[in-house]
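Trainee: Heads up, the sequence shown stops at 252 in my numbering, and the numbers go up one at a time, no gaps.
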Amino acid sequence: MSTDAAQVAVTPAARAVPRPVIDGVARRVRRLCRKHAAKLPFHGWHHVGFVRDKAAYFAGRNGADPSVAETAALVHDLNYIVRRNSSAAAGRELRMPLLAKAGVEALAAEWIDDVVVEAEMCTRTRDISLEAQALSDADTLFKALPTTPVVLAHRYLEENGIGLAELAAKIVGEQGTPHDDGFYFYDEEAARRYGRWATANLELWRCIQESLDDQDVDNLLGAIPRS
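(1) Between the Cα of residue 97 and the Cα atoms of 107, 202 and 48, which residue gives the shortest distance?
(2) When we look at the beta-carbon of residue 246 and count the other beta-carbons within 10 Å, is it buried (16 or more) or exposed?
(3) Which of the three DSSP states is assigned to residue 110 in this structure?
(4) Consult DSSP for residue 252 and reduce its assignment to one of helix, strand or coil.
(5) Under a three-way DSSP split, which group does residue 116 fall into?
(6) Quick one: residues in its chain with C-beta nearer than 7 Å to the C-beta of residue 81, no 5 flanking neighbours on either side, listed in chain order?
(7) Between residue 104 and residue 229, what straight-line distance do the alpha-carbon atoms span, to the nearest angstrom?
(8) State whether the segment 175-186 contacts the segment 114-133, with contact taken as three or more CB pairs (one from each stretch) at a distance under 8 Å.
(9) Assuming residue 160 and residue 140 make a contact with CB atoms under 8 Å, what is their CB distance in whole Å?
(10) Can you tell me which of 112, 168, 87 and 136 puts its alpha carbon nearest to the alpha carbon of residue 220?
(11) If we ignore side chains and look at the alpha-carbon of each, how far apart do residue 101 and residue 113 end up?
(12) Throw me the rounded Cβ distance for the residue 77 and residue 99 pair, which I believe falls under 8 Å.
(13) With distances taken Cα to Cα, identify the nearest neighbour of residue 84 among 233, 71, 164 and 122.
(14) Use the C-beta contact count for residue 150: other C-beta atoms within 10 angstroms, 16 or more gives buried, fewer gives exposed.
(15) Give a yes or no on whether the C-beta atoms belonging to residue 66 and residue 180 are separated by under 7 Å.
(16) Just checking, does the segment 195-209 make contact with the segment 117-124 on the three C-beta pairs under 8 Å criterion?
(17) Confirm, please, whether the CB-CB distance from residue 127 to residue 53 is below 7 Å.
(18) Using three-state DSSP, classify residue 187 as helix, strand or coil.
Here's what the structure looks like:
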């Protein structure tokens, strides 16, 4: 977190994003999701709305500023509009102007941007801010839902222009350490309630990795007609 953003963070009265401003951010993000719907079959408004609601919930539980966590959730995946298969940081060029136009103060916007980057699965650590923990738990829950690989995995492949092997390697590579080291979820209730889903999901993708090394499976996949 930048020094100026950190100074805002220690002043509760200064750090809250007013509800009308959050709603303005939501309207702008929703319009973007509609405009770029063809580019966002996975990370569209259905994803943003879920993560937004859960981030606010987890922030209310862990003592974070719910308004910051919620706003960060709204803008956390704008990078997929900027460039497919990119990092959260790539969304800054779209995120910061959007926050400014919606009325988010500059220091608060920097803090929100820091939270988005801090919460990213591939780089997050055990010791991240409470706001980043809330956003991370919300986004991670979406990944761990048993329905996600069944209903949405093919949409991720389409959105990012990658194959099944690359997606499996990404999931196992990014999620293995947080899961095995005990910080897949930061919220204890989430860990108890959804931990089994997370374990099953990770094991599924490990099995997918193994299966793709089997020649018979490779032959089968190669024989499937392409639509």
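Don't be surprised by glycine CBs; every beta carbon is placed ideally from N, CA and C.
Remember, it's a predicted structure, so these values are computed and weren't measured experimentally.
Mentor: The answer reads as follows:
(1) 48
(2) Exposed is the call here.
(3) It is coil, neither helix nor strand.
(4) coil
(5) helix
(6) 91, 94 and 95
(7) 27 Å
(8) no
(9) 6 Å
(10) 168
(11) 7 Å
(12) 6 Å
(13) 164
(14) exposed
(15) yes
(16) no
(17) Taking C-beta atoms as the reference points, residue 53 and residue 127 count as a pair closer than 7 Å.
(18) Here residue 187 sits in coil by DSSP.
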